[in-house]
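Just so we're aligned, residue 924 is where the sequence shown starts under my numbering, counting upward by one.
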Amino acid sequence: MNKLRVWHGHVEGAVFEAAQLAGYDVYFEDEEGRFIRALSGFYEGTPVPDNVEVLALRFT
């Protein structure tokens with residue numbers, strides 16, 4: 924029988940209003956805390972701070 928794999932995701936975001944940029948990073952670990960994969964980036968504009976992490980997941 925196949926064992927269900929569990930990944931834990933961590934998302935961080937930041938808004939840099941003066942530069943009109945927002946940045947994000949996302950990384951995933953397995954159930955034992957081992958690194959699986961990561962992604963980071965930025966986009967132009969200054970979204971509402973609470974939405975930065977949601978937008979980061981959209982790009983994942």
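No residue lacks a Cβ here, since even glycine has one placed at the ideal position from N, Cα and C.
Check                                                                                               : Outcome
Beta-carbon proximity check, GLY932 vs PHE951, cutoff 8 Å                                           : yes
Selection from VAL971, GLU940, ASP973 and VAL934 that minimises the alpha carbon distance to GLY984 : Lying outside 924 to 983, the shown extent of the chain, residue 984 is not represented and no answer is given.
Cβ neighbour criterion (16 or more within 10 Å) applied to VAL971                                   : exposed
Proximity winner among PHE982, TYR966 and ASN974, relative to GLN943 (alpha-carbon distances)       : TYR966
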